[in-house]
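Step one of this worksheet: look at the structure below.
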Amino acid sequence: MTAVQYRRFAWIATIAYTALTLISVVAFFQMVGKPVPASADASAWQAGYAFGMKYFGAGIIWCGFLAAVATLAVHVGGRRAITAAVAVSAITLVVELIGAETGFPFGEHGYGDELGWKVFGLIPHVIPLSWFHMLLASLGLAVRFRAGRGLTLGLAALGLFAWDVLMEPGMSAAYPFWYWREGDLWYGMPLANWTSWLVIGPVIGYVAMRCAGPKIHNLRDDVLPATLYATTGLLPFALSVRFGLWPAAIVGGLAMVTFVASPFLPAFFARRREAAAAAVATRSATRA
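Just so you know, we're using the working numbering here: the sequence shown kicks off at 142 and counts up by one.
Shown next, in the form of structure tokens:
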């Protein structure tokens with residue numbers, strides 16, 4: 142495939158990802174925990190509800206993953222993008238399997254059945270895909286700072302961390318896509334989980350950058366990573382609001398907004414300064 146074809150596919154997958162996310166948001170507000178409306182056909186309502194619960198969770202993550210792979214492929218080529226995706230997914234699969242079986246490093250936890258079939262009956266198969274999807278989105282924003290590799294990896298890890306601040310309450314406390322058996326730092330989540338994210342984030346970021354090569358920095362001029370990052374926050378934010386977890390919605394939402402906006406602020410303020418300077422120059426020329 143050419144870069145143009147990868148770009149087209151990336152946008153199609155992103156649109157599908159966004160559409161499924163928005164449908165899920167509406168469904169959680171209108172269907173989950175709500176009685177069947179008197180005007181609705183009960184059997185059709187229940188069938189739609191069961192279908193959404195069975196397929197939408199995994200479908201959303203698959204669309205996000207494919208959008209992330211295609212976005213990376215636009216800049217580094219299909220082979221390198223797939224290599225990076227496979228490497229990151231394989232590493233996080235192993236870590237997640239160890240974590241689900243032993244409780245290390247994240248803490249004692251388990252998964253429900255809403256995210257599709259489970260690898261060895263322990264973790265949904267889409268969880269490693271989600272790691273790569275959000276890593277790519279976070280890296281795409283981190284490289285906009287034009288920092289060295291170490292700082293870029295640290296910034297990407299902060300992007301993952303900011304997402305998890307919002308995700309954990311929405312996806313475990315509000316609605317149990319997964320659940321914690323110990324700890325109560327943040328809506329039932331133990332401190333070990335955040336510590337692990339901050340350690341694992343730079344590691345898988347380094348792996349992705351090595352697999353993708355130096356052209357991964359071209360992501361700094363691509364709007365898709367920011368689009369994917371922002372869209373991924375919609376469902377956990379909506380769940381936190383829907384179930385009244387307002388501190389989670391506010392703190393997690395601000396964390397994600399801050400991260401997604403930060404790379405754009407220097408250029409924004411530079412344009413403002415240039416516009417102000419131009420206005421001053423214009424007024425001076427007019428007076429003269």
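Note that beta-carbon positions come from the ideal geometry of N, C-alpha and C, so glycine has one too. The model shown is predicted, which means the values in this text are computed figures rather than measured ones.
In whole angstroms, what separates the C-alpha of Gly342 from that of Gly253? When the Cα atoms are used, Gly342 and Gly253 turn out to be separated by approximately 24 Å.
Per DSSP, Ile264 forms a beta bridge with which residues? According to DSSP, Ile264 bridges with Val260.
Label Gly300 either buried or exposed according to how many other C-beta atoms from any shown protein chain fall within 10 Å of its C-beta, with 16 as the threshold for buried. With 16 or more Cβ atoms within 10 Å of its Cβ, Gly300 is classed as buried.
With the cut-off set at 9 Å, would you say Val306 and Gly393 are in Cβ contact? For Val306 and Gly393, yes; Cβs fall inside 9 Å.
Less than 9 Å between the beta carbons of Ala225 and Leu213, yes or no? Contact: yes.
Backbone secondary structure at Gly329 - three-state DSSP: Gly329: coil per DSSP, three-state reduction.
Note down, in chain order, each residue of its chain lying with its Cβ closer than 7 Å to the Cβ of Phe150, except the 5 sequence neighbours on either side. For Phe150, same chain residues with a beta-carbon under 7 Å away, outside a window of 5 residues either side, are Ala211 in chain order.
Looking at Val215: is its Cβ nearer than 9 Å to the Cβ of Trp272? Their beta carbons are not under 9 Å apart, which means Val215 does not touch Trp272 by this criterion.
Could you have a look at Gly251 and say whether DSSP puts it in helix, strand or coil? Looking at Gly251 - three-state DSSP - the assignment turns out to be strand.
Tell me, to the nearest whole angstrom, how far the beta carbon of Arg361 is from that of Arg285; I am working on the premise that it is less than 8 Å. The pair is a contact, with the Cβ atoms about 5 Å apart (cut-off 8 Å).
Quick check on Tyr320: does DSSP put it in helix, strand or coil? In the three-state reduction of the DSSP assignment, Tyr320 falls in the strand class.
Could you check the C-alpha separation between Gly200 and Gly289 for me, to the nearest Å? Approximately 35 Å between the Cα atoms of the pair.
C-alpha distance - Val227 paired with Leu276, whole-angstrom precision: Those two C-alpha atoms are separated by around 13 Å.
Whether Thr233 touches Ile345 by CB criterion (9 Å): In contact: Thr233 and Ile345 (Cβ atoms closer than 9 Å).
Does the distance from the CB of Ala168 to the CB of Gly193 come in under 9 Å? Yes, Cβ-Cβ distance for Ala168 and Gly193 is below 9 Å.
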